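Structure, as structure tokens:
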Amino acid sequence: MGQFLRCTAVAVLFLLAFNSDLFAADTSEDQDSVIDVMGKVVDHDYFELIGGKKVYLPRILLVDGEWYFYSNTQAAIESGNFVQGETGIERADGASVTLDFSITSHLIYVWLSLIVTLLITIWAARRYRRGVGAETEPQGAWQNIFEILFVFIRDDIAKEFIPENKYKKYVAYLFTIFMAIAFMNLFGLLPWAAAATANITVTATLALITFAVTQFSGTKDHWQHVFAFPGVPGWSRIILTPVEILGLFTKPFALAIRLFANMLSGKIMIVIILGLIFIFADLFGNAVGLSSSIFWVLLTAALYFLKALIALIQAYVFTLLTAVFIGMAAEEHHHEHDETSVAQARDVEV
Amino acid sequence: MGFLAAGLGAGIIALGAGIGIGMIGKSATESIARQPEAAGDIRGAMLLTAVFIEGVALIGAIVCILLALGIGQ
Numbered sequence: 001m002g003q004f005l006r007c008t009a010v011a012v013l014f015l016l017a018f019n020s021d022l023f024a025a026d027t028s029e030d031q032d033s034v035i036d037v038m039g040k041v042v043d044h045d046y047f048e049l050i051g052g053k054k055v056y057l058p059r060i061l062l063v064d065g066e067w068y069f070y071s072n073t074q075a076a077i078e079s080g081n082f083v084q085g086e087t088g089i090e091r092a093d094g095a096s097v098t099l100d101f102s103i104t105s106h107l108i109y110v111w112l113s114l115i116v117t118l119l120i121t122i123w124a125a126r127r128y129r130r131g132v133g134a135e136t137e138p139q140g141a142w143q144n145i146f147e148i149l150f151v152f153i154r155d156d157i158a159k160e161f162i163p164e165n166k167y168k169k170y171v172a173y174l175f176t177i178f179m180a181i182a183f184m185n186l187f188g189l190l191p192w193a194a195a196a197t198a199n200i201t202v203t204a205t206l207a208l209i210t211f212a213v214t215q216f217s218g219t220k221d222h223w224q225h226v227f228a229f230p231g232v233p234g235w236s237r238i239i240l241t242p243v244e245i246l247g248l249f250t251k252p253f254a255l256a257i258r259l260f261a262n263m264l265s266g267k268i269m270i271v272i273i274l275g276l277i278f279i280f281a282d283l284f285g286n287a288v289g290l291s292s293s294i295f296w297v298l299l300t301a302a303l304y305f306l307k308a309l310i311a312l313i314q315a316y317v318f319t320l321l322t323a324v325f326i327g328m329a330a331e332e333h334h335h336e337h338d339e340t341s342v343a344q345a346r347d348v349e350v
Numbered sequence: 351m352g353f354l355a356a357g358l359g360a361g362i363i364a365l366g367a368g369i370g371i372g373m374i375g376k377s378a379t380e381s382i383a384r385q386p387e388a389a390g391d392i393r394g395a396m397l398l399t400a401v402f403i404e405g406v407a408l409i410g411a412i413v414c415i416l417l418a419l420g421i422g423q
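Line by line, the protein sequences give chains A and B. Quick note on numbering: my numbering labels position 139 of the first sequence as 139, and the sequence is numbered without any gaps. Quick note on numbering: my numbering labels position 30 of the second sequence as 380, and the sequence is numbered without any gaps.
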């Protein structure tokens, strides 16, 4: 029960944390371009269903300390309080939106992937509690897949990089983040859907959570390494300390950028390669465009497989690096500079 | 000029990352051929190193994108 509560709390935190106004509702599309490449990857104020039907999502806006709630962007404009500005909607008196808490398509996909993760995990946990898999062999294909993934995260990632006596409490976080990112990435493979991880705010929030977990699991040794690197001359700490402090922040930054850039480039590449059909048709005539389309479509199909692979690899890489960073922070080093402590350490180890 | 810089920068990034990841792949395959039973460990180390190179390359790529979009002028 306690575990269920904790899961729910984490889920609620995720729901509250994920919001993006950076790419939200960019309606200023270039009318000349035949294919709206960036429109496929940026965030929207609507959720696209199978077949291209659009469900417009509610807008929650904070302008100068006042809250506004509308069922969608159209309703916000029709109410007279908001007008369509250059970069998005703004209040009729010209005040820009302070904070945009609107629900966007990427946010919906974040929720969907978290719900799928939660359901799979609860389903598996109930099975294991009943004794299926715990006392017997895991039954059925799905439980076997689950067990392979879970054991992989636990043994090959957590146990490998986090110190032996501490790894257990991080397995839950690592598994959650792996499944959530994998589903977010895989949703991007659906033609009408979007990868939520192709949004820097989503990956930055994930990296921020990893950053917090890393710093809170830091031992005394970790902070000593940051602020007073042991075993070096005193004057070199003037250089080392700023570099180490910078290193604390570049790690999650690189984590966010890596996932974001990989997922963004995947979708853009597919749209552009399909767009080559129309570019060829424009340049050399319809016949060339039509006949070359076989090649581009085959290339896109191959890229889809690559993208499915990259989706899983990037989820793995994010989890792996999270484990590495946690392991680096949680590690307890044995720095012995004088003979006695070395001898003591040897006694302890023996 | 921004476009030129971005294009050249992207090329140089691809060059550097390609050389780096190629060297990792080379030594990893050599090590696996030399000691096939350690393939799992070697693969993990290979991925980890490749990922770090990729991270540096992507930060360079982001700089190129910012240049091409003319942000920061």
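A virtual CB, placed ideally from N, CA and C, is assigned to each residue, including glycine. Keep in mind it's a predicted model, so treat the numbers as computed, not measured.
*Beta bridge counterpart(s) of Y56 (chain A) as assigned by DSSP*: A:Y46
*Select from A:F175, A:I145, A:S102, A:Q143 the residue whose C-alpha is nearest the C-alpha of A158 (chain A).*
A:F175
*State the start and end residues of the unbroken beta strand (DSSP E) segment that holds V83 (chain A).*
82 to 84
*Output the boundary residues of the beta strand (DSSP E) element that contains Y167 (chain A).*
Element bounds for Y167 (chain A): n/a, residue is neither H nor E.
*Classify S341 (chain A) as buried or exposed, calling it buried when 16 or more other Cβ atoms lie within 10 Å of its own Cβ.*
Note that S341 (chain A) has pLDDT 47, beneath the 50 cutoff, so the model's placement of it is unreliable and no number is given.
*asked:* If distances are taken between C-alpha atoms only, which option among A:F187, A:V202, A:L312 comes closest to V116 (chain A)?
replied: A:F187
*Run the CB neighbour count on S102 (chain A), radius 10 Å, all protein chains shown included, and call it buried at 16 or more, exposed below.*
buried
*asked:* Let me make sure I understand the geometry here. Which of A:V55, A:N81, A:L57, A:K54 has the alpha-carbon closest to that of W67 (chain A)?
replied: A:N81
_Integer-rounded CB distance, given that F69 (chain A) should sit under 8 Å from I60 (chain A)_ = 6 Å
_Coil, strand or helix - D100 (chain A) by DSSP_ = strand
*Using a C-beta cutoff of 7 Å, does I257 (chain A) count as contacting chain B?*
yes
*Using the beta-carbon of each residue, which ones in chain A are nearer than 7 Å to G405 (chain B)?*
A254, R258
*Do G327 (chain A) and F161 (chain A) have their CB atoms nearer than 7 Å?*
yes
*Please report the residue range of the beta strand (DSSP E) in which W67 (chain A) lies.*
66 to 70
_Contacting residues, own chain, Cβ-Cβ under 6 Å from F280 (chain A) (five flanking each side not counted)_ = V288, G289, S292
_Alpha-carbon spacing of L416 (chain B) relative to L398 (chain B), whole angstroms_ = 27 Å
*With E387 (chain B) as the anchor, note down where its beta strand (DSSP E) starts and where it stops.*
No beta strand (DSSP E) holds E387 (chain B); DSSP gives it neither H nor E.
_So V171 (chain A) contacts chain B; which residues on that side make the cut at Cβ distance below 9 Å?_
Correct list: empty, because the minimum Cβ distance to chain B is about 17 Å.
*What's the gap between the Cα of L312 (chain A) and the Cα of F318 (chain A)?*
10 Å
*Name, going along the chain, the residues of the stretch 298 to 332 of chain A whose beta-carbon falls closer than 9 Å to a beta-carbon of chain B.*
I313, Y316, V317, L320, L321, V324
*Go to R154 (chain A), then tell me how far its beta strand (DSSP E) extends in each direction, as first and last residue.*
Run containing R154 (chain A): none; DSSP gives neither H nor E here.
*Quick one: complete alpha helix (DSSP H) runs, 4+ long, within the stretch 217 to 285 of chain A?*
220 to 227, 237 to 284
_7 Å Cβ cutoff met for M179 (chain A) and T197 (chain A)_ = no
*If you drop the 5 nearest sequence neighbours on each side, which residues of the same chain put their C-beta closer than 7 Å to that of V55 (chain A)?*
Y46, F47, L49
*Secondary structure of L62 (chain A), DSSP reduced to three states*: strand
*Closer than 7 Å, CB to CB, is I363 (chain B) near chain C or not?*
As a matter of chain content, chain C is missing from the structure shown, whose protein chains are A and B.
*Cα-Cα separation, R154 (chain A) to Y173 (chain A)*: 11 Å
*Are P252 (chain A) and T210 (chain A) touching if we call contact CB-CB under 7 Å?*
yes
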